[in-house]
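Below you'll find the structure, written out as structure tokens, and then a few comments.
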DNA sequence: ATTAGCACTCAATCAATGAGAGTGCTAACA
DNA sequence: TGTTAGCACTCTCATTGATTGAGTGCTAAT
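Residue numbers (my numbering), protein chains in the order written: chain A, 27 to 368; chain B, 27 to 368.
Structural data, given as structure tokens:
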């Protein structure tokens with residue numbers, strides 16, 4: 027169902043005003059503010075219609091109207107124009123991205139920070155696990171006479187390192203050889219495809235140094251567990267303190283708790299995220315805890331797996347700005363990643 | 027100046043009750059609650075004295091008394107008994123510490139988490155910069171035909187890694203040789219003591235591979251900048267949402283902002299921290315923003331430099347518990363560190 | 001179909017009131 | 001002289017009632 031032009035205009039005016047002020051919008055005030063060519067009474071009639079259709083609601087009889095979640099949905103689906111980054115924002119983004127970038131996680135952190143800063147909502151970036159990347163090189167560096175540092179390098183430049191114990195009798199050269207043997211066997215293998223039997227063969231081959239091998243295998247095992255999970259970067263969680271709908275401390279606490287804890291945040295995201303910007307409004311969210319929040323999420327391509335980037339804010343959200351910004355940053359991430367980090 | 031026994035007892039009762047309830051404490055209620063052998067009227071007289079001395083104050087005439095900051099100070103200095111961890115808490119701590127510890131920063135994170143969990147205040151751990159540690163090993167691992175991974179291992183097991191660009195003509199063996207040359211020159215040198223002239227000599231020695239050398243030098247430079255700063259781990263910032271004194275959103279926001287931002291947190295800490303547990307109450311803090319918070323901090327010995335661990339909470343704080351817990355965990359960190367990570 | 005006019009509704013604000021908690025003071029008591 | 005009971009007094013907090021004002025819905029006129 028689609029609205030006639032005048033109804034659309036009124037709905038949009040109400041949405042803009044309400045998002046701006048967080049107050050119910052009256053017929054008189056929108057006529058004045060957007061100097062419409064019709065009278066307040068006419069607007070009232072249209073508003074009554076829109077309410078009947080479910081796009082507006084009234085907190086109480088003598089208040090103005092506020093957009094319902096259905097109203098926001100209609101706006102997002104049928105009327106919204108995404109508002110992309112303006113020049114000064116692009117400029118800021120470029121400056122942020124060009125400052126001496128160390129690691130990939132650094133880029134993600136900065137893009138997330140930028141997103142929350144521009145939209146004034148909490149932002150999150152989800153980086154998929156790296157199980158699809160490949161082993162590249164394995165090194166064992168002696169540290170003391172009983173310990174060594176195990177280094178694992180993969181093709182996406184992510185590196186795992188861990189202390190291992192070694193018998194004092196093993197020399198630095200031997201450790202190097204063992205590292206090379208591992209590199210030979212594992213190089214090019216995807217992390218999730220380690221074959222037990224390959225490792226077993228290796229264990230046979232180097233049976234005079236079985237203790238070292240076992241230490242290495244154990245360490246690799248633990249590292250694999252550690253990087254099986256996707257990682258989550260959250261920025262600007264405190265932005266919700268500015269939203270009047272969260273002046274209630276209990277609500278605030280519930281939301282902030284979610285925004286502080288990686289695991290909880292992952293749980294509230296929609297299961298399927300495409301590369302398109304995806305918006306879920308209030309009750310459309312599966313998770314009970316955020317039925318009064320909206321999500322704007324897009325997927326990006328991270329070494330063959332889908333990462334996610336987005337913002338979370340009140341239902342009364344500037345969807346146009348949020349959607350545009352998320353879209354732009356999704357593209358940036360894709361771009362940076364396609365330049366291949368290595 | 028020291029208080030007589032009865033005044034002490036009354037002051038302590040008031041502090042305990044006030045810390046517990048956040049409400050002014052009346053004469054009648056403390057006689058009942060702590061079944062004192064004296065009448066409410068007597069207590070009233072003593073309270074009037076304590077108020078005159080500055081240890082108590084009255085929000086308004088017909089309310090009970092609350093401890094003043096001076097009162098808390100007197101309590102902390104002259105009466106407080108630190109409350110150490112009980113058995114179940116020690117048990118929990120051990121379980122937390124023994125779960126498969128990966129890196130040193132992991133230990134710090136867990137200890138901080140434990141601290142905030144036990145005290146119900148926000149906790150922080152400051153880990154000094156590692157400029158005192160020594161280079162141990164430098165490796166250059168080829169990644170693609172134009173890039174390589176530079177690995178720097180130090181004696182505290184902290185490792186820096188960074189992508190560098192290399193000319194396509196340089197072979198893996200050459201990279202290895204260059205790494206070894208660096209290792210030879212820098213091994214055993216403290217991070218802060220890198221001599222420019224040593225590096226210059228190295229640059230001469232390997233002058234046919236000057237491009238690689240320059241990449242490495244640049245990367246090391248950047249890495250050095252990155253680890254010049256101490257790092258900060260904050261846990262349980264949201265605990266202050268439970269404190270009734272922060273029901274005011276503005277206050278809340280000011281405090282949470284500090285607790286979210288490493289840099290800000292560092293600024294509010296007292297300049298000199300000894301190994302002893304150090305308590306600053308309300309106005310004793312130098313930073314304007316936390317004049318209504320208290321800090322309980324202790325130093326610990328981190329590879330020759332002073333790290334800090336502590337909690338931050340309302341002036342109405344369970345100092346006895348906080349001080350005991352901070353002291354215990356300070357000791358734990360010292361212990362773990364003295365077992366030498368390598 | 002649109003608009004002006006008007007009666008009506010309801011939340012928000014403010015002042016007045018009363019209850020309750022707690023004090024300070026006085027006088028009696030040990 | 002220190003302690004206690006008793007009582008008047010103070011001040012906050014919660015409740016109530018009146019007032020205000022923004023905004024609506026309806027009706028009648030355009």
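Cβ atoms here follow ideal geometry from the backbone N, Cα and C, with glycine treated the same way.
Anything in chain B within Cβ reach of residue 179/A, meaning under 9 Å, just list it in chain order. 167, 169, 175, 177 and 187
Whose Cβ in chain A lies nearer than 9 Å to the Cβ of residue 279/B? 264, 267 and 268
9 Å is my cut-off, CB to CB: does residue 37/B come that close to chain A? no
Could you tell me which of 263/B, 357/B, 356/B and 350/B sits nearest to residue 370/B, measuring between CA atoms? Nothing can be reported for residue 370/B, as the shown portion of chain B is limited to 27 through 368.
Cα-Cα separation, residue 289/B to residue 223/A: 50 Å
Are the stretch 149-166 of chain B and the stretch 198-217 of chain B touching by the rule of at least three beta carbon pairs closer than 8 Å? yes
Can you give me the C-alpha to C-alpha distance between residue 241/B and residue 226/B, rounded to a whole angstrom? 14 Å
In angstroms, rounded to a whole number, what distance separates the CA positions of residue 147/A and residue 131/B? 30 Å
What are the residues in the stretch 140-165 of chain B lying within 8 Å of chain A by C-beta distance? 162, 163 and 165
Inspect the beta-carbon positions of residue 154/A and residue 333/A and report whether they are closer than 9 Å. yes
Confirm the yes/no value for this check: CB of residue 190/B, any heavy atom of the ligand FAD, distance under 8 Å. No copy of the ligand FAD occurs in the structure displayed, which carries no ligand at all.
Can you check which of these residues, 102/A, 108/A and 144/A, is closest to residue 122/A by C-alpha distance? 144/A
What do you reckon, are the CB atoms on residue 237/A and residue 192/A nearer than 9 Å? yes
Kindly identify the DSSP beta-bridge partner or partners of residue 305/A. 322/A
On a CA-only basis, which of 322/B, 312/B, 287/B and 310/B is nearest residue 300/B? Give me that one, please. 322/B
Any idea which residues DSSP pairs residue 138/B with across the strands? Bridge partners of residue 138/B: none, in fact.
Is the CB-CB distance between residue 34/B and residue 105/B below 9 Å? yes
Out of 197/B, 54/B, 173/B and 202/B, which one is the CA nearest neighbour of residue 189/B? 173/B
Residue 43/B burial status per 10 Å Cβ neighbour count (16 or more: buried): buried
Apart from the five residues just before and just after residue 94/B, which ones in its own chain have a Cβ nearer than 7 Å to its Cβ? 80, 81, 82 and 83
Endpoints, beta strand (DSSP E) assigned at residue 80/B: First-last for residue 80/B: undefined, no H or E at that position.
Is residue 330/A helix, strand or coil when you go by DSSP? coil
Could you tell me which chain A residues have their CB closer than 8 Å to the CB of residue 273/B, listed as they occur along the chain? 275
Give the C-beta separation of residue 286/B and residue 324/B to the nearest angstrom, bearing in mind that I take them to be a contact with Cβ-Cβ under 8 Å. Incorrect: roughly 23 Å between the Cβ atoms, too far for contact.
What does residue 286/B touch in chain A if you count any residue whose Cβ is under 8 Å from its own? 263 and 264
Count the CB pairs spanning the stretch 298-316 of chain B and the stretch 247-265 of chain B that are closer than 8 Å, and state whether there are at least three. no
Is DSSP giving residue 189/B helix, strand or coil here? strand
Considering only residues of the same chain and omitting the five flanking positions on each side of residue 292/B, which have a CB-CB separation below 8 Å? 152, 256 and 258
Can you look up residue 216/B in the DSSP assignment and give me helix, strand or coil? strand
Counting only runs of 4+ residues fully inside the stretch 224-309 of chain B, write out the alpha helix (DSSP H) ranges in chain order. 236-252, 275-286 and 288-294
From the DSSP output, in three-state form, read off residue 107/B for me. coil
How would you label residue 330/B, buried or exposed, when you count the other beta carbons within 10 angstroms and need 16 or more for buried? exposed
Name, please, each residue of chain A whose Cβ falls closer than 8 Å to the Cβ of residue 282/B. 264 and 267
With distance defined between alpha-carbon atoms, name the residue in 310/B, 205/B and 45/B nearest to residue 96/B. 310/B
If I'm right that residue 15/A touches residue 267/B with Cβ under 8 Å, what's the distance once you round it to whole angstroms? Here chain A covers residues 27 to 368 and nothing more, so residue 15/A does not appear.
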